[in-house]
Amino acid sequence: MNKHNIYINPVAYKKIHKKLLKYNIKIGGMNIMNFLIANSSIQDSANSPTLRTKRVILHISGNLDSKPEDLANESHLRQNLLFGHIEYLLLRRRLDQLTKEYVKGTKISIKEVQDCQVVGDCIDLVNSKIYNVNRD
Numbered sequence: 099m100n101k102h103n104i105y106i107n108p109v110a111y112k113k114i115h116k117k118l119l120k121y122n123i124k125i126g127g128m129n130i131m132n133f134l135i136a137n138s139s140i141q142d143s144a145n146s147p148t149l150r151t152k153r154v155i156l157h158i159s160g161n162l163d164s165k166p167e168d169l170a171n172e173s174h175l176r177q178n179l180l181f182g183h184i185e186y187l188l189l190r191r192r193l194d195q196l197t198k199e200y201v202k203g204t205k206i207s208i209k210e211v212q213d214c215q216v217v218g219d220c221i222d223l224v225n226s227k228i229y230n231v232n233r234d
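Rendered as structure tokens:
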């Protein structure tokens with residue numbers, strides 16, 4: 099299957115986002131708005147893996163307004179960001195993609211992601227995949 103890029107003006111995206119808030123459309127148990135945000139790719143390769151990990155977490159939780167650098171490492175995924183099973187599945191996929199940008203062949207399992215309780219655990223997981231593999 100060929101990949102196609104769709105580019106949307108930020109103003110138009112905000113309008114779409116606002117309209118979707120009015121509907122209760124679910125994809126795999128997740129609100130469509132959050133699903134689309136969680137699956138959007140952001141061109142942030144110039145940022146550190148830590149900031150990119152935090153941005154992934156914020157997007158999956160549906161929070162577009164907060165800056166990644168403001169997200170505390172101690173923030174609980176389930177309690178503060180309301181992560182459930184679907185969000186953990188998306189988190190695994192997005193962190194797996196992120197680590198593969200740095201080191202091809204790395205893998206993040208669902209168990210590794212489900213063991214993450216706080217934001218800092220996700221950062222440690224990503225860094226362990228990127229930097230431990232690079233040192234070998």
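Taken in order, the sequence shown gives residues 99 to 234; the numbers are from my numbering. Beta carbons are placed, not taken as given, at the ideal position from N, Cα and C, and that holds for glycine.
Problem - Closest residue to residue 168 among 215, 151, 107 and 223 (Cα-Cα distance) - result: Reading the sequence shown from its first residue, position 70 is the one you call residue 168. Here the closest residue by C-alpha is 151.
Handout entry: Closest Cα partner of residue 153 within the set 220, 228 and 215
Key = Sequence index remark: in the sequence shown, residue 153 carries index 55 (1-based). Nearest C-alpha to residue 153: 220.
Problem - residue 124, DSSP secondary structure in three states - result: Position 26 of the sequence shown, counting from 1, holds the residue named residue 124. Strand, per DSSP.
Practice task
Could you say which of 146, 229, 117 and 158 lies nearest to residue 190 if we only look at CA atoms?
Solution key: Your numbering for residue 190 matches position 92 in the sequence shown. Of the listed residues, the one whose Cα sits closest to residue 190 is 158.
Problem - Proximity winner among 146, 130, 213 and 170, relative to residue 156 (alpha-carbon distances) - result: Translated into positions along the sequence shown, residue 156 becomes position 58. Comparing Cα positions, the closest option is 170.
Practice task
Can you give me the Cβ contacts of residue 224 inside the same chain, cut-off strictly under 7 Å, excluding the 5 residues immediately before and after it?
Solution key: For the purposes of this step, residue 224 is identified with residue 126 of the sequence shown, where counting begins at 1. Only 147, 151, 193, 196 and 197 meet the Cβ criterion.
Exercise for the section: Could you check if residue 217 is buried or exposed, using at least 16 other CB atoms within 10 Å of its CB as the buried criterion? Expected result: Within the sequence shown, residue 217 is the residue found at index 119, counting from 1. Buried: at least 16 other Cβ atoms inside 10 Å.
Exercise for the section: Kindly list the residues whose CB is nearer than 8 Å to the CB of residue 230, restricted to its own chain and excluding five residues on each side of it in sequence; keep chain order. Expected result: Reading the sequence shown from its first residue, position 132 is the one you call residue 230. Contacts found: none.
Exercise for the section: Check whether the Cβ atoms of residue 174 and residue 127 lie closer than 9 Å to each other. Expected result: Here residue 174 refers to the residue found at position 76 of the sequence shown. Here residue 127 refers to the residue found at position 29 of the sequence shown. Against a cut-off of 9 Å, the Cβ pair of residue 127 and residue 174 comes out as no contact.
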